[in-house]
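Heads up: the structure comes next, in structure tokens.
In my numbering, the protein residues as written are 2 to 94.
Here it is as structure tokens:
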């Protein structure tokens with residue numbers, strides 16, 4: 002199996018998504034199969050952990066809970082929120 006890496010570059014941030022590391026799951030909100038990341042990985046974005054949980058509770062980020070404490074975030078919803086809210090969101094602390 003070939004290893005694929007997708008890199009998205011923005012002047013204010015860099016997000017590298019490793020296709021082998023990020024599993025594929027069904028996202029009920031998107032209605033399709035999507036790549037997902039663990040919440041700790043998603044917290045490396047400009048949002049930070051506190052903002053991520055707020056966005057999850059508001060329904061703006063799609064999530065799947067595999068087991069208590071193991072939360073996966075839909076990359077489609079994360080990317081969409083970074084594009085629309087990333088510039089106005091305070092940098093993580």
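Note that CB positions come from ideal geometry on N, CA and C, so glycine has one too. From a predicted model like this one, the values you see are computed outputs, not experimental measurements.
_Using the three-state DSSP reduction, which class does residue 56 fall into: helix, strand or coil?_
Taking the first residue of the chain shown as position 1, residue 56 is located at position 55. Here residue 56 sits in helix by DSSP.
*As assigned by DSSP and simplified to three states, the class of residue 46*: Counting from 1 along the chain shown, the entry for residue 46 is found at position 45. Of the three classes helix, strand and coil, the one that applies to residue 46 here is coil, per DSSP.
*Should residue 59 and residue 53 be called a contact, given that it needs their Cβ atoms to be closer than 8 Å?*
Taking the chain shown and counting its residues from 1, one reaches residue 59 at position 58. Taking the chain shown and counting its residues from 1, one reaches residue 53 at position 52. Taking 8 Å as the Cβ cut-off, residue 59 and residue 53 do not qualify as a contacting pair.
*asked:* Can you list, in chain order, the residues of its chain with a C-beta nearer than 6 Å to that of residue 80? Leave out the 5 residues immediately preceding and following it.
replied: Counted from its first residue, the chain shown places residue 80 at position 79. There are no such residues.
*Three-state class that DSSP yields for residue 62 in the structure shown*: Taking the chain shown and counting its residues from 1, the one referred to as residue 62 is at position 61. The answer is coil: DSSP assigns residue 62 none of H, G, I, E or B.
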